[in-house]
Amino acid sequence: MRIEELKSANESLNLSVEELDKACAFAEATLRERDELVFAQCEKIRLLEEQSEPFYEVHSEFDSDIVLETQDNSEKDLILKLQTQVKENELNNLEKVYETKESVLLKDIDQMKSQISELVEKL
85 MRIEELKSAN ESLNLSVEEL DKACAFAEAT LRERDELVFA QCEKIRLLEE
135 QSEPFYEVHS EFDSDIVLET QDNSEKDLIL KLQTQVKENE LNNLEKVYET
185 KESVLLKDID QMKSQISELV EKL
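To convert a position in the sequence shown, counted from 1, into the numbering used here, add 84.
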(Lines of atoms letter the chains of each structure in order from A; the text may use other names.)
(Lines give C-alpha, C1' and ligand atoms only; values in the text may rest on other atoms or scores of the structure.)
Protein backbone atom coordinates (compact mmCIF):
# COMPACT_ATOMS: atom_id res chain seq x y z
CA MET A 85 0.00 0.00 0.00
CA ARG A 86 2.82 2.41 0.90
CA ILE A 87 4.60 1.74 -2.40
CA GLU A 88 1.43 2.59 -4.35
CA GLU A 89 1.09 5.88 -2.44
CA LEU A 90 4.71 6.75 -3.21
CA LYS A 91 4.24 5.87 -6.90
CA SER A 92 1.13 8.04 -7.04
CA ALA A 93 2.93 10.93 -5.34
CA ASN A 94 5.88 10.50 -7.70
CA GLU A 95 3.59 10.58 -10.76
CA SER A 96 1.87 13.68 -9.40
CA LEU A 97 5.22 15.40 -8.89
CA ASN A 98 6.35 14.40 -12.37
CA LEU A 99 3.19 15.93 -13.86
CA SER A 100 3.70 19.10 -11.81
CA VAL A 101 7.30 19.36 -12.97
CA GLU A 102 6.18 18.90 -16.58
CA GLU A 103 3.57 21.64 -16.15
CA LEU A 104 6.17 23.92 -14.61
CA ASP A 105 8.60 23.21 -17.46
CA LYS A 106 5.89 24.04 -19.99
CA ALA A 107 5.00 27.26 -18.15
CA CYS A 108 8.65 28.24 -17.94
CA ALA A 109 9.16 27.58 -21.65
CA PHE A 110 6.04 29.60 -22.45
CA ALA A 111 7.25 32.48 -20.26
CA GLU A 112 10.67 32.43 -21.91
CA ALA A 113 9.13 32.40 -25.39
CA THR A 114 6.83 35.27 -24.49
CA LEU A 115 9.70 37.29 -23.07
CA ARG A 116 11.78 36.60 -26.19
CA GLU A 117 8.90 37.80 -28.36
CA ARG A 118 8.54 40.94 -26.24
CA ASP A 119 12.29 41.54 -26.43
CA GLU A 120 12.11 41.26 -30.21
CA LEU A 121 9.20 43.70 -30.31
CA VAL A 122 10.99 46.17 -28.06
CA PHE A 123 14.14 45.86 -30.16
CA ALA A 124 12.13 46.44 -33.34
CA GLN A 125 10.47 49.52 -31.83
CA CYS A 126 13.84 50.88 -30.71
CA GLU A 127 15.21 50.30 -34.19
CA LYS A 128 12.25 52.17 -35.71
CA ILE A 129 12.81 55.07 -33.31
CA ARG A 130 16.50 55.14 -34.18
CA LEU A 131 15.71 55.20 -37.90
CA LEU A 132 13.16 57.96 -37.42
CA GLU A 133 15.69 59.97 -35.44
CA GLU A 134 18.26 59.49 -38.23
CA GLN A 135 15.73 60.55 -40.84
CA SER A 136 14.74 63.63 -38.84
CA GLU A 137 18.32 64.88 -38.41
CA PRO A 138 18.32 66.80 -41.73
CA PHE A 139 15.05 68.44 -40.71
CA TYR A 140 16.56 69.65 -37.46
CA GLU A 141 19.66 70.87 -39.29
CA VAL A 142 17.55 72.89 -41.74
CA HIS A 143 15.31 74.00 -38.90
CA SER A 144 18.29 75.22 -36.89
CA GLU A 145 19.67 77.05 -39.95
CA PHE A 146 16.37 78.89 -40.33
CA ASP A 147 16.33 79.60 -36.61
CA SER A 148 19.83 81.06 -36.85
CA ASP A 149 18.85 83.21 -39.83
CA ILE A 150 15.75 84.45 -38.05
CA VAL A 151 17.70 85.35 -34.93
CA LEU A 152 20.39 87.14 -36.96
CA GLU A 153 17.86 89.08 -39.01
CA THR A 154 15.84 90.11 -36.00
CA GLN A 155 17.01 93.42 -34.61
CA ASP A 156 14.71 93.73 -31.66
CA ASN A 157 15.93 91.95 -28.53
CA SER A 158 12.42 91.19 -27.35
CA GLU A 159 11.72 89.36 -30.61
CA LYS A 160 14.95 87.40 -30.23
CA ASP A 161 13.97 86.45 -26.68
CA LEU A 162 10.53 85.36 -27.82
CA ILE A 163 11.99 83.25 -30.63
CA LEU A 164 14.49 81.62 -28.28
CA LYS A 165 11.75 80.89 -25.74
CA LEU A 166 9.57 79.33 -28.43
CA GLN A 167 12.47 77.23 -29.70
CA THR A 168 13.18 76.06 -26.17
CA GLN A 169 9.51 75.20 -25.62
CA VAL A 170 9.38 73.19 -28.85
CA LYS A 171 12.47 71.22 -27.86
CA GLU A 172 11.14 70.64 -24.33
CA ASN A 173 7.82 69.42 -25.73
CA GLU A 174 9.61 67.00 -28.06
CA LEU A 175 11.66 65.64 -25.16
CA ASN A 176 8.58 65.35 -22.93
CA ASN A 177 6.70 63.48 -25.63
CA LEU A 178 9.57 61.04 -26.14
CA GLU A 179 9.84 60.54 -22.39
CA LYS A 180 6.10 59.77 -22.15
CA VAL A 181 6.36 57.21 -24.95
CA TYR A 182 9.28 55.45 -23.27
CA GLU A 183 7.56 55.53 -19.86
CA THR A 184 4.40 54.03 -21.32
CA LYS A 185 6.30 51.25 -23.07
CA GLU A 186 8.35 50.58 -19.95
CA SER A 187 5.27 50.38 -17.70
CA VAL A 188 3.55 47.95 -20.09
CA LEU A 189 6.63 45.72 -20.18
CA LEU A 190 7.03 45.83 -16.39
CA LYS A 191 3.35 44.97 -15.95
CA ASP A 192 3.71 42.01 -18.32
CA ILE A 193 6.82 40.80 -16.50
CA ASP A 194 5.06 41.04 -13.11
CA GLN A 195 2.11 39.11 -14.51
CA MET A 196 4.39 36.36 -15.80
CA LYS A 197 6.23 36.22 -12.47
CA SER A 198 2.96 35.76 -10.62
CA GLN A 199 1.90 33.01 -13.04
CA ILE A 200 5.19 31.21 -12.48
CA SER A 201 4.84 31.67 -8.71
CA GLU A 202 1.36 30.15 -8.85
CA LEU A 203 2.70 27.15 -10.75
CA VAL A 204 5.56 26.75 -8.27
CA GLU A 205 3.09 26.88 -5.37
CA LYS A 206 1.05 24.12 -7.00
CA LEU A 207 4.07 21.87 -6.74
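We put the beta carbon where it would ideally sit given N, CA and C, even for glycine.
All values reported here derive from a predicted model rather than from experimental measurement.
#### Entry: Coarse secondary structure for M196, derived from DSSP in three states
helix
### Query
Regarding N177 and the ligand SAH, is the C-beta to nearest heavy atom distance less than 8 angstroms?
Summarising the ligand content, the structure contains no ligands, and the ligand SAH is consequently not present.
### Task
Give a yes or no on whether the C-beta atoms belonging to S100 and K197 are separated by under 9 angstroms.
no
### Task
Give me the Cα-Cα distance between I200 and L115, rounded to the nearest whole angstrom.
13 angstroms
### Query
What residue from C126, N173, S136 has the CA that sits closest to Y182's CA?
C126
### Message
In whole angstroms, give me the CA-to-CA distance for R130 and T184.
### Response
18 angstroms
### Query
Of all the options T168, E120, E172, which has the alpha carbon lying nearest to the alpha carbon of L189?
E120
### Message
When you compare the CB positions of D192 and R118, do they come within less than 9 angstroms of one another, or not?
### Response
yes
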